[in-house]
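To start, the structure under review is shown below, and the notes come after it.
2 protein chains.
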Amino acid sequence: MLDAHRLALLAEVAHAGSIAGAAQRLSFTPSAVSQQLAKLERDVGAPLLHRNPRGVTLTPVGEALLTHAETIVGELRTAERTVRALLDEEPAQLTVGTFASAGMTLVPAALAEFRRDHPAVALRLLDLEPPDGYGLVSSRDLDLLITHRYPGAPLPDPRGLDRSLLRSERFRLILPEGHAKARVRRLTLRALAGEDWISGSPGVPNRACLEQLADAAGVRLRVAYETRDYQVILALVEAGLGIAFVPESVLGRAGRARIEVRDAADARPAREIFLVHHRRPGPLVTEMAARLSRPQ
Amino acid sequence: MLDAHRLALLAEVAHAGSIAGAAQRLSFTPSAVSQQLAKLERDVGAPLLHRNPRGVTLTPVGEALLTHAETIVGELRTAERTVRALLDEEPAQLTVGTFASAGMTLVPAALAEFRRDHPAVALRLLDLEPPDGYGLVSSRDLDLLITHRYPGAPLPDPRGLDRSLLRSERFRLILPEGHAKARVRRLTLRALAGEDWISGSPGVPNRACLEQLADAAGVRLRVAYETRDYQVILALVEAGLGIAFVPESVLGRAGRARIEVRDAADARPAREIFLVHHRRPGPLVTEMAARLSRPQ
DNA sequence: TGCTGACGTTAGCTCTGCTTACGCCTGGAG
DNA sequence: CTCCAGGCGTAAGCAGAGCTAACGTCAGCA
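Chains as they are written, first to last, in this note's numbering: chain A, 6 to 301; chain B, 6 to 301.
Here it is, written out as structure tokens:
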């Protein structure tokens with residue numbers, strides 16, 4: 006039988022992206038982790054990691070084993086919670102994983118309410134960008150994951166977890182105040198093809214979405230500034246450096262003073278926001294999920 | 006995090022019913038097993054076993070942990086199989102658990118066919134009486150379980166496994182050849198209340214079923230001979246010592262020479278036979294299940 | 001070409017975990 | 001009642017697993 010400790014180590018290394026990183030998180034020396042992984046590979050009979058000069062990546066066998074490792078670690082933690090619950094030793098801790106913009110908009114209100122009602126519960130927040138995070142829910146590093154999908158991006162395999170649509174959030178077009186195109190009644194992507202766009206780097210879902218929209222409209226957009234941080238995008242637009250699509254929620258309730266908010270007639274993207282948790286969530290998870298679902 | 010090895014040990018001890026028994030199966034000394042269990046109890050923070058003079062039984066916490074232990078062991082074995090399959094190292098082994106009478110009737114034909122088509126696959130057969138066996142499927146000690154339910158007996162929690170009804174098998178009333186009551190056209194339980202009955206000991210599902218039937222008919226039956234072995238029951242009836250209900254299949258295709266087979270008009274019990282296996286069975290399991298399902 | 005950061009290896013020590021030996025307890029046979 | 005068998009637990013000792021520390025190796029970079 007495979008060794009669960011070593012599998013847990015594999016999961017940790019996969020998440021950290023390097024042996025040294027995992028070792029640090031676990032308060033071990035890299036050597037110890039390396040040796041244990043070597044033994045796991047001997048047990049399995051095949052290499053699990055590609056040793057790159059900068060960190061490691063998983064082989065196909067390693068990938069396959071990783072998903073199992075995560076469910077096993079999750080089962081071990083579930084077992085632990087079961088007996089804790091039987092012994093009335095509630096650990097009272099809730100770890101929520103969010104993507105950056107949700108962490109600034111959706112989550113704080115729910116978190117504040119939750120904290121008011123359950124001051125004894127230790128709340129932890131983790132930043133994760135999709136499609137990461139599912140494995141951490143499987144392994145119970147995370148109690149609740151808030152994740153999203155941009156149009157066209159694939160929806161990851163739920164791996165036996167419970168996933169529900171929290172809401173669908175449309176994107177708005179933002180322009181600097183007084184921008185020439187802001188006066189146009191019916192804005193289209195085609196009409197905006199000549200502008201300087203602000204978006205994420207290639208590969209970031211944000212950017213992929215924008216390029217897909219442009220393809221659909223038959224135009225080619227020029228991305229003049231690259232950043233994945235929506236707050237930075239807002240600042241750049243405010244400074245008159247370009248235009249962008251941003252999720253409605255990052256605009257805030259009151260809106261921004263020096264920004265014009267419009268819609269493109271031929272491109273109305275929206276991202277879906279999902280809640281992911283274990284099949285039978287505890288009461289704390291259920292309550293937090295309910296708070297997040299409540300319209301604000 | 007709990008130690009998976011110790012949890013596996015707990016499962017082994019629970020199945021064996023004693024520390025010494027588990028130790029023998031695992032080729033350890035009882036002392037080693039005892040020490041590991043003591044450490045597991047310290048980890049958990051609560052006793053898991055009642056130490057009886059003859060063997061051990063689980064505490065409620067132990068029971069709860071056992072089900073988790075079984076799924077964890079099962080997950081570990083699943084992980085192992087996944088990588089074996091990726092590396093094309095099929096272990097080619099199939100372990101089937103059956104109850105005694107199925108082992109003599111249902112299974113042999115299917116097993117023979119299977120062996121003919123897959124001579125390289127190692128077949129193992131385990132005898133188990135319901136409601137045991139589900140845990141062994143969870144922990145992958147068993148690939149396929151054939152189990153049954155007598156009328157009125159509770160159906161165990163499937164625990165995330167796949168359970169399908171294989172068939173429903175009625176019971177027939179058997180009497181010694183030339184028995185006075187064998188001439189009666191319409192036999193009833195009430196009319197047979199004065200006879201010597203042959204059945205299992207109290208607690209055996211067989212016996213519980215008989216008593217329930219008697220209650221329903223408003224009579225009290227006298228069990229003169231107790232045995233759970235249907236072959237022995239047949240022999241006793243042949244010898245003229247009493248009458249009994251037996252599953253149809255134990256009568257064999259040709260029937261028995263010195264036995265009269267009848268039905269009771271007011272009591273026509275039947276037991277349900279189930280197939281239990283993991284959610285996503287491998288091809289060998291699927292094939293064996295198909296063979297068993299085929300009417301003979 | 002030297003420097004940095006990451007991984008791997010080796011030697012050595014600590015500590016886990018097994019065995020052996022022994023004691024305690026209960027239930028059944030004589 | 002006594003004795004014995006079978007079960008569990010504890011103590012001491014030893015082997016091996018697993019960690020640390022120190023050093024070696026390699027790729028990328030100035």
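Virtual Cβ for every residue (Gly too), placed ideally from N, Cα, C.
Everything numeric in this text was worked out from a predicted model, so none of it was measured.
Original post:
Taking the C-alpha atoms as reference points, what is the distance between residue 89 of chain A and residue 66 of chain B?
Top reply: 10 Å
**OP:** Kindly indicate which residue of B:170, B:14, B:39 has the alpha-carbon position closest to the one of residue 56 of chain B.
**Re:** B:39
Original post:
For residue 100 of chain B, which residues from the same chain have a beta carbon less than 6 Å from its beta carbon, with the 5 sequence-adjacent residues on both sides left out?
Top reply: 129, 147, 148
Original post:
Can the beta-carbon of residue 210 of chain B be found less than 8 Å from the beta-carbon of residue 161 of chain B?
Top reply: no
Subject >> Where residue 155 of chain B falls: helix, strand or coil (DSSP) >> reply: coil
Original post:
Name the chain A residues whose beta carbon is nearer than 9 Å to that of residue 82 of chain B?
Top reply: 6, 7
Original post:
Can you give the Cα-Cα distance for residue 212 of chain B and residue 34 of chain B, rounded to whole angstroms?
Top reply: 39 Å
Original post:
Buried or exposed: which applies to residue 291 of chain A, given that a residue is buried once 16 or more other Cβ atoms fall within 10 Å of its Cβ?
Top reply: Residue environment for residue 291 of chain A: exposed (fewer than 16 other C-beta atoms within 10 angstroms of its C-beta).
**OP:** Quick one: list the residues of chain B neighbouring residue 70 of chain A, beta-carbon separation under 8 Å, in chain order.
**Re:** 84, 87, 88
**OP:** For residue 293 of chain A, count neighbouring C-beta atoms within 10 Å of its own C-beta (all shown protein chains included) and say buried if the count is 16 or more, exposed if not.
**Re:** buried
Subject >> Residue environment, residue 154 of chain B, which counts as buried when at least 16 other CB atoms sit within 10 Å >> reply: buried
**OP:** May I ask you to report which of helix, strand or coil DSSP gives residue 102 of chain A?
**Re:** strand
**OP:** Spell out the partners DSSP gives residue 149 of chain B in its beta bridges.
**Re:** B:101
Subject >> Neighbouring residues, chain B, relative to residue 49 of chain A (Cβ below 7 Å) >> reply: 88
**OP:** Output the boundary residues of the alpha helix (DSSP H) element that contains residue 242 of chain B.
**Re:** From DSSP, the alpha helix (DSSP H) with residue 242 of chain B extends over 235-243.
**OP:** Return the residue from the list B:77, B:124, B:81, B:31 that minimises the CA-CA distance to residue 69 of chain A.
**Re:** B:81
Subject >> Contact the segment 102-120 of chain A vs the segment 241-259 of chain A: 3+ CB pairs below 8 Å >> reply: yes
Original post:
Nearest to residue 105 of chain B by alpha carbon, out of B:121, B:116, B:125, B:233?
Top reply: The residue with the shortest Cα to Cα distance from residue 105 of chain B is B:233.
Original post:
According to the Cβ coordinates, are residue 252 of chain B and residue 214 of chain B closer than 8 Å?
Top reply: no
Original post:
Taking Cβ-Cβ distances below 9 Å as the criterion, which residues of the segment 242-269 of chain A are in contact with chain B?
Top reply: Cβ contacts with chain B: none found.
Original post:
Of the choices B:187, B:127, B:192, whose alpha-carbon is the least far from that of residue 302 of chain B?
Top reply: Since the first residue of chain B shown is 6 and the last is 301, residue 302 of chain B is not available in this structure.
Subject >> Same chain only: Cβ atoms within 6 Å of residue 47 of chain A, ignoring 5 sequence neighbours per side >> reply: none
**OP:** Look up residue 27 of chain B in the DSSP assignment and say whether it is helix, strand or coil.
**Re:** Residue 27 of chain B falls in the helix class under three-state DSSP.
Original post:
For the segment 11-62 of chain B, which segments carrying the alpha helix (DSSP H) assignment without a break, of at least 4 residues, lie completely within its bounds, in sequence order?
Top reply: 24-31, 35-49
Subject >> One or two residues paired with residue 173 of chain A in a DSSP bridge >> reply: A:277
Original post:
So with Cβ pairs under 8 Å, would you call residue 13 of chain A a contact of chain B?
Top reply: It does; some Cβ of chain B falls within 8 Å.
Original post:
Alpha carbon to alpha carbon, how far is residue 92 of chain B from residue 83 of chain B?
Top reply: 14 Å
**OP:** With DSSP collapsed to three states, give me the class of residue 265 of chain B.
**Re:** strand
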